[in-house]
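A.B. asks:
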Amino acid sequence: MKFTKSLKFKLTIWYSLLLSLFSLLFVLVVNILIADYMQSWTPENEFPAESFWGQRFDRPRFRALSEEQQAIIMESRMEDLENIRRISIYMIFPLVLMSFGGGYLIAIVMLRPLEKLNEQIEKKETENLNEEIVFVDNGDEISQLIKSFNKMSRRLGKSFDSQKGFVENASHEIKTPLSVIQANIDTILDKKGVSKEETRELLLNSKKQIKFMSDLTEDLLLLSSISNVRFSIKFEKINMADVIEEAIGTLNESIEKNGFKIERRIPDKKYFVNGNRTLLIRAITNIIENSIKYSEGERIDVRVFSKRENIHISIKDDGRGIPEDKAKEIFERFYRLDKGRSRKEGGSGLGLAITKEIVERHRGSVYVNSEYKDGAEFIIKLPRFS
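Sequential numbering from 1 applies to the sequence shown in full-length UniProt numbering.
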């Protein structure tokens, strides 16, 4: 970077101009005062008690001097004042030079913490974003800047870690079914005398893996869209009681197949929210599907109620429950409480993450109340429509 474009150069110029301006103003004021003094100078007016130099002035004694002697004294005074004027004018150029030097030194001192900060920032890599910059907190603006940078760096580090984990998990999720499909095809092609029944079983298994990848791709696209703040969502006034009924209706086949019973506790009243019907149905469906897949019980309670300015939707099962220390982790992308079982049953680990994103885009929240081996209760909280 050119010095003329640097902040150090700009600060030097500004400090120098200010110091030069003050110096020029000082010289100007001194010259104006001296000029005015020289025009109006008389011993009677200007030396009533003390001389200009602070010495006692004997007025009667001054009058006793001859006119020539008085003139010599007055001329001496004027020469002194003229010398002061001349010296002050001669000092302008040195003062300007000194102001530039002083401005440069001030800029160096002021920018030294920023230069040290810049050196540490340049050493930052994606691997050490979580490492904070060490500094002495003086409570000044530089300290506040470093605090803000450390905070931003931690957020970026967390984001990069999350992105890296997301890519690794997505790759693994896609690689697993592809490996199964590849193995099925190799079995069909390499083995002679494979029966039609075995071939059909291998093809059905491959079809199942393809469906898993298709569903995973759709989930990834949906999750990517709704987590993007620029993604436009159409909101309208909707009744959550109707949304819950539609969500349960889409799962009737799965509910009956797995022998579950849905207990509805939905009062005969309207629970309006400002939301997107399709997305909210998906959010509720994901939770109920999880209860069906992972619950060892046979009953799921669904209820809706209002509390203060919010609408609450509760979905409770009587299954194994969720450990307290996992209550937040289950909403992370690709997280599985039981990894082997989830993949076997078709779970990608994205359902609850999608639900969380949908609810948060509706300015709401979702959380779980659970005691291990005593069921889990998921609660969605949404702002009431006003």
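Quick reminder that beta carbons are idealized off the backbone N, C-alpha and C, glycines included.
(1) So does the stretch 203-220 actually touch the stretch 177-189, counting three or more Cβ pairs closer than 8 angstroms?
(2) Within the continuous alpha helix (DSSP H) that includes I287, where are the two ends?
(3) Going by CA-CA distance only, name the one from T176, E263, N276 and F334 that's closest to V304.
(4) Helix, strand or coil for E263? Go by DSSP, reduced to three states.
(5) Mind checking which residues open and close the alpha helix (DSSP H) that includes residue 392?
(6) Please determine if the stretch 367-381 and the stretch 312-324 are in contact, where contact requires at least 3 C-beta pairs separated by less than 8 angstroms.
(7) Using only the alpha-carbon positions, how far apart do L24 and L18 sit?
(8) Is the stretch 357-368 in contact with the stretch 224-233, if contact means three or more CB pairs nearer than 8 angstroms?
(9) Considering only C-alpha positions, which residue in the set L11, T187 and N239 is nearest to N274?
(10) Decide yes or no for the touch test of the stretch 238-258 against the stretch 278-295: beta carbon pairs closer than 8 angstroms, at least 3 of them.
(11) So what does I380 bridge to, in DSSP terms?
(12) Is the Cβ-Cβ distance between S20 and S88 less than 8 angstroms?
(13) Out of curiosity, what's the CA-to-CA distance linking E245 and E168?
(14) For F9 and F93, what's the separation of their Cα atoms in angstroms?
(15) Is it buried or exposed for R333, if we count other Cβ within 10 angstroms and need 16 for buried?
(16) When the Cα atoms are used, what is the spatial distance from M78 to I108?
(17) If you draw a straight line from the C-alpha of E197 to the C-alpha of R336, how long is it?
(18) Can you have a look at S295 and say buried or exposed, based on whether 16 or more other CB atoms are within 10 angstroms of its CB?
(19) Cutting at 6 angstroms between CB atoms, please list the residues of its own chain near S153, excluding the five before and the five after it.
(20) Measuring only the C-alpha atoms, how far is F26 from Y90?
(21) Cα separation between I210 and I185?
(22) When you compare only the Cα positions, how much space is there between W53 and L33?
(23) Relative to the alpha-carbon of P383, which residue among N310, D80 and E218 has its alpha-carbon at the smallest distance?
(24) Restricting to Cα atoms, I'd like to know which of N276, L28 and W14 is closest to I233.
(25) Within this structure, are the beta carbons of F260 and R299 separated by less than 8 angstroms?
(26) Looking only at C-alpha atoms, which of I174, L223, L114 and K328 sits nearest to G351?
(27) Just to confirm, is the Cβ distance from L216 to I255 under 8 angstroms?
(28) Closer than 7 angstroms: is that where the CB of K191 sits relative to any heavy atom of the ligand NAP?
(29) Which of the three DSSP states is assigned to V96 in this structure?
(30) Compare the beta carbon distance of L105 and I146 with 8 angstroms and say whether it is the shorter of the two.
C.D. replies: Taking the definition as stated:
(1) Yes, the stretch 203-220 is in contact with the stretch 177-189.
(2) R277 to Y294 is the span of the alpha helix (DSSP H), which, as asked, contains I287.
(3) Comparing C-alpha distances from V304 to each of T176, E263, N276 and F334 shows the shortest one belongs to E263.
(4) Residue state for E263 is assigned as strand, using DSSP reduced to three classes.
(5) Residue 392 is absent from the structure shown; the chain starts at 1 and stops at 386.
(6) Because the criterion of three Cβ pairs below 8 angstroms is met, the stretch 367-381 and the stretch 312-324 touch.
(7) Taking the straight line joining both Cα atoms gives about 10 angstroms.
(8) Taking a cut-off of 8 angstroms on C-beta distances, the stretch 357-368 touches the stretch 224-233, as three or more cross pairs fall below it.
(9) Comparing Cα positions, the closest option is N239.
(10) A contact exists between the stretch 238-258 and the stretch 278-295.
(11) For I380, DSSP records a beta bridge to I313 and V366.
(12) No.
(13) Roughly 37 angstroms between the two C-alpha positions.
(14) F9 and F93: Cα-Cα distance of roughly 20 angstroms.
(15) Around the Cβ of R333, a 10 Å sphere holds 16 or more other Cβ atoms; the residue is buried.
(16) Rounded to whole angstroms, the gap between the alpha carbons of M78 and I108 is 44 angstroms.
(17) Each residue's alpha carbon lies about 34 angstroms from the other.
(18) Residue environment for S295: buried (at least 16 other C-beta atoms within 10 angstroms of its C-beta).
(19) Excluding sequence positions up to five before and after S153, its CB lies within less than 6 angstroms of the CB of L129, all in the same chain and listed in chain order.
(20) Annotation: F26 to Y90 spans about 13 angstroms, alpha carbon to alpha carbon.
(21) For the pair I210 and I185, the Cα-to-Cα distance works out to about 13 angstroms.
(22) Its pLDDT being 44, under 50, W53 is placed unreliably in this model, and the value from its coordinates should be taken loosely. Each residue's Cα considered, the two are about 15 angstroms apart.
(23) When each option's Cα is compared against that of P383, the closest is N310.
(24) Out of N276, L28 and W14, the CA that lies nearest to the CA of I233 is found in N276.
(25) Less than 8 angstroms separates the beta-carbon of F260 from that of R299.
(26) Nearest option by C-alpha distance: L223.
(27) The answer is no: Cβ separation not under 8 angstroms.
(28) Only the bare structure without any ligand can be found here, which leaves the ligand NAP out of the picture.
(29) In this structure, V96 counts as helix in the three-state DSSP scheme.
(30) For L105 and I146, no; Cβs fall outside 8 angstroms.
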